[in-house]
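Report on one structure; see the data block that follows.
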């Protein structure tokens, strides 16, 4: 497993924040719980962290974190003229950790226009922080895909060892890749061919024989497609694993599917143990790294933060 090079604590407050996006193809895999506990653990080490609830339809970061924000993300999307995320930024009970709370789930806010999403992403990059952790909605909605692809496509994918979770994570990666290709070309011909294929390898083969393009264009597109796929380097976290072996098997299966079908090479970032303390921590509103610091699952969060280079 390749360890990401450790990075020192940022020295100046005006450096552009690092952005870590956390997603997953299936709901209920523990994505939000992981995001919250990781944010607290990194903030404890002196990093100025902002946790963003970007689940625009069913946000629950506040519940897991144990806070109740007075202003919701709706305010940002309803703002006229220049938009400012500082209007919804709120403090938490944890030092160095702030929160951008989720929305109320109203239909028009849950489905923002692309221009609104672009403004949201720009504003994230302007926040005064060392690290911004963005907790995404489950599934492969366009909102989720666009947010996942906003930061060099090195987001974290949370899965569980179950086959359904692995299958959905693969479908999420495929949707993200196809969304990136679609946005890159903005071509009706490319969009049409994408709808007819199930994998990138199949898509490349289709392009090679397509009558839409001349020979030189076909060659150029095929090279670009491979480069786009290889630029996507998702990092896998396996949640609720009984042991390291079970976690490794799950990560290996997803990596194999992604490599063979999408030409994507995921990185196995680590795993979290199955632990009964997790639902207890959620119900109490106190994240498990705080309420159960000596449990093995808390040590797993520390290990993942270390592999990410934040310690």
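Numbering (our numbering), first residue to last: 1459 to 1769. Cβ atoms here follow ideal geometry from the backbone N, Cα and C, with glycine treated the same way.
DSSP state of residue 1734 mapped onto helix, strand, coil = Reduced to three states, the DSSP call for residue 1734 is coil.
For residue 1545 and residue 1508, the rounded distance between their alpha carbons = If I take the Cα positions, the gap works out to 14 angstroms.
request  = Give a yes or no on whether the C-beta atoms belonging to residue 1640 and residue 1648 are separated by under 8 angstroms.
outcome  = Residue 1648 sits close to residue 1640, with the two beta carbons spaced by under 8 angstroms.
task = May I ask which residues mark the beginning and end of the alpha helix (DSSP H) holding residue 1556?
result = Taken as a continuous stretch (DSSP letters only), residue 1556 belongs to no alpha helix (DSSP H), being part of the beta strand (DSSP E) at 1555-1558.
query = Between the C-alpha atoms of residue 1821 and residue 1638, what's the straight-line distance to the nearest angstrom?
reply = Residue 1821 is absent from the structure shown; the chain starts at 1459 and stops at 1769.
ask   = With a CB to CB cut of under 6 angstroms and the five nearest residues on each side skipped, what residues in its chain are close to residue 1464?
value = Because the pLDDT at residue 1464 is just 41, under 50, the model does not fix this residue reliably, and the value given afterwards should be weighed accordingly. Within the same chain, 1767 come within 6 angstroms of residue 1464 by CB-CB distance, once the 5 residues on both sides are set aside.
query = Under three-state DSSP, which class holds residue 1527?
reply = Secondary structure at residue 1527: coil, using DSSP grouped into helix, strand and coil.
inquiry  = Is the separation between the beta-carbon of residue 1492 and that of residue 1592 shorter than 8 angstroms?
reply    = A distance of 8 angstroms or more separates the beta carbons of residue 1492 and residue 1592.
request  = State the Cα-Cα distance for the pair residue 1561 and residue 1710, rounded to the nearest angstrom.
outcome  = C-alpha of residue 1561 to C-alpha of residue 1710: approximately 35 angstroms in a straight line.
request  = Find out if the Cβ-Cβ distance for the pair residue 1636, residue 1651 is shorter than 8 angstroms.
outcome  = In this structure, residue 1651 does not lie closer than 8 angstroms to residue 1636 by Cβ.
key: Coarse secondary structure for residue 1461, derived from DSSP in three states   = With a pLDDT of 31 at residue 1461, under the threshold of 50, the predicted position of this residue should be treated as unreliable, and no value is reported.
ask   = In chain order, which continuous runs of the alpha helix (DSSP H) of length 4 or greater are located wholly inside the stretch 1710-1766?
value = Segments of the alpha helix (DSSP H) lying fully in the stretch 1710-1766: 1735-1742, 1746-1749 and 1754-1766.
key: Reference residue 1722; option with closest CA among 1731, 1730 and 1712   = Nearest C-alpha to residue 1722: 1712.
ask   = Hey, is the stretch 1479-1495 in contact with the stretch 1620-1630, meaning 3+ C-beta pairs nearer than 8 angstroms?
value = Yes, the stretch 1479-1495 is in contact with the stretch 1620-1630.
request  = Within 10 angstroms of the Cβ of residue 1532, are there 16 or more other Cβ atoms? Answer buried if so, exposed if not.
outcome  = It counts as buried.
query = Which residues share a DSSP beta bridge with residue 1511?
reply = As computed with DSSP, residue 1511 is found in a beta bridge with 1593.
inquiry  = Within the continuous alpha helix (DSSP H) that includes residue 1662, where are the two ends?
reply    = Start and end: 1658-1667.
task = Enumerate in chain order the residues of its own chain whose CB-to-CB distance from residue 1745 is below 8 angstroms, with the five nearest sequence positions on each side excluded.
result = Within the same chain, residue 1745 has close Cβ partners 1491, 1494, 1495, 1498, 1522, 1523, 1524 and 1739.
message = With a threshold of 8 angstroms on Cβ separation, who are the neighbours of residue 1736 within its own chain once the five nearest residues in sequence on each side are excluded?
response = So the qualifying residues of the chain are 1488, 1491, 1746 and 1755.
task = Have a look at the DSSP bridge pairing and note the partners of residue 1504.
result = Among the bridge pairs identified by DSSP, residue 1504 is matched with none.
query = Does DSSP classify residue 1775 as helix, strand or coil?
reply = It is not possible to answer for residue 1775, since the shown part of the chain is limited to 1459 through 1769.
request  = Would you mind giving the Cβ-Cβ distance between residue 1474 and residue 1583, rounded to the nearest angstrom? I have them listed as a contact below 8 angstroms.
outcome  = 6 angstroms between Cβ atoms; contact.
message = Can you tell me whether residue 1679 is helix, strand or coil according to DSSP?
response = Per DSSP, reduced to three states, the secondary structure at residue 1679 is helical.
query = Roughly how many angstroms lie between the CA atoms of residue 1543 and residue 1500, to the nearest whole one?
reply = Separation of residue 1543 and residue 1500 (C-alpha to C-alpha, rounded to the nearest whole angstrom) is 22 angstroms.
task = State the DSSP-derived secondary structure class of residue 1587, mapped to helix, strand or coil.
result = Residue 1587: coil per DSSP, three-state reduction.
Sheet register partners of residue 1574 (DSSP bridge) = When DSSP reads this structure, residue 1574 sits in no beta bridge, so it has no partner.
task = Give the C-beta separation of residue 1760 and residue 1698 to the nearest angstrom, bearing in mind that I take them to be a contact with Cβ-Cβ under 8 angstroms.
result = Between residue 1760 and residue 1698, the beta carbon gap of about 18 angstroms keeps them out of contact (Cβ cut-off 8 angstroms).
query = Which same chain residues, not among the five before or five after residue 1695, have their C-beta less than 8 angstroms away from its C-beta?
reply = Excluding residues up to 5 positions away in sequence, 1492, 1614, 1615, 1616, 1617, 1727, 1728, 1729, 1730 and 1762 lie with their Cβ nearer than 8 angstroms to the Cβ of residue 1695 in the same chain.
Cβ shell of residue 1633 (< 8 angstroms), same chain only, five flanking positions each side left out = Counting only residues of its own chain and dropping the five nearest sequence neighbours on each side, residue 1633 has a CB closer than 8 angstroms to the CB of 1598 and 1603.
request  = Pull up the distance between the alpha-carbon of residue 1477 and that of residue 1556, whole angstroms please.
outcome  = Whole-angstrom Cα-Cα distance: 14 angstroms.
request  = Take the Cβ of residue 1775 as the centre, count every other Cβ of all protein chains shown within 10 Å, and call the residue buried at 16 or more, exposed below.
outcome  = Residue 1775 is absent from the structure shown; the chain starts at 1459 and stops at 1769.
inquiry  = Between the alpha carbons of residue 1664 and residue 1679, how many angstroms are there, rounded?
reply    = In this structure, the alpha-carbon of residue 1664 lies about 11 angstroms from that of residue 1679.
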